[in-house]
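Numbering (this note's numbering), first residue to last: 1122 to 1307.
Each residue gets a CB set at the ideal place from its N, CA and C atoms; glycine is no exception.
All of these numbers come straight from a predicted model, not from anything done at the bench.
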């Protein structure tokens, strides 16, 4: 039931902004409630590939931070939402997860690799206007939503930190400009 509530929150996230941030035609609310915790929009960023806009992402934390290490070390809820502004096939998404993992995580254990395989099994083609989201709850792990559908959860802070590292790690897949924006830097 908790995972269903999280999926509904992710779906509502882009439907009912109170105050909001806007980028590339996508509006994200300044705050969201995850369980009993209020999360604030840390940053909003545009993922571009070549000359094409791919998705607008928002990172929600319990408090704003521009320090990637501090964000990952904190044992607190967090959410990353991606609103796609073009179609992307599942194969490209799967490749990006593995590339991001290998570029940003120093010690990839077999268990963490298995969790990324589990994530890749959840992927589907994404259409323009659809959303993907990751909500980390320290008590249960990371709930995954793909194309607006709850796909299940992946346990462990190791996975939550690794997936976040694909965006805010030393070599973020979407690029350094994206990382600065999602960290709230301009």
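Item	Value
Grouping DSSP H, G and I as helix and E and B as strand, with all else coil, what is residue 1270?	strand
Helix, strand or coil: which one does DSSP assign to residue 1234?	helix
Give me, in chain order, the residues of the same chain whose beta-carbon lies closer than 7 Å to that of residue 1249; leave out the 5 immediate sequence neighbours on both sides.	1205, 1206, 1207, 1208
Here's a check: name, in chain order, each residue in its chain whose Cβ is nearer than 7 Å to the Cβ of residue 1245, leaving out the five neighbours to either side.	1211, 1267, 1268
Is residue 1289 near residue 1193, with beta carbons less than 9 Å apart?	yes
State buried or exposed for residue 1228, treating a residue as buried only when at least 16 other CB atoms are found within 10 Å of its CB.	exposed
Could I get the ranges of all uninterrupted beta strand (DSSP E) runs contained in the stretch 1144 to 1186, with 3 residues as the minimum, in chain order?	1147 to 1150, 1152 to 1155, 1158 to 1170, 1173 to 1182
Answer with yes or no whether the minimum CB distance from residue 1283 to chain C is below 9 Å.	This model lacks chain C altogether; it includes just one protein chain.
Which one or two residues does DSSP pair with residue 1205 in a beta bridge?	1176
On the three-pair Cβ rule with 8 Å, is the stretch 1219 to 1226 touching the stretch 1161 to 1180?	no
Throw me the rounded Cβ distance for the residue 1198 and residue 1259 pair, which I believe falls under 8 Å.	7 Å
State the DSSP-derived secondary structure class of residue 1215, mapped to helix, strand or coil.	helix
Residue 1126 to residue 1236, Cα distance in whole Å?	The pLDDT assigned to residue 1126 is 45, lower than 50, so where the model puts this residue is not dependable, and the model offers no usable value.
Quick check on DSSP: helix, strand or coil for residue 1298?	helix
Give the DSSP bridge partners of residue 1265, in chain order.	1255, 1273
Since residue 1165 and residue 1156 are thought to touch, with beta carbons under 8 Å apart, how far apart are those beta carbons, to the nearest angstrom?	About 23 Å; that fails the 8 Å criterion.
DSSP three-state label for residue 1141, please.	strand
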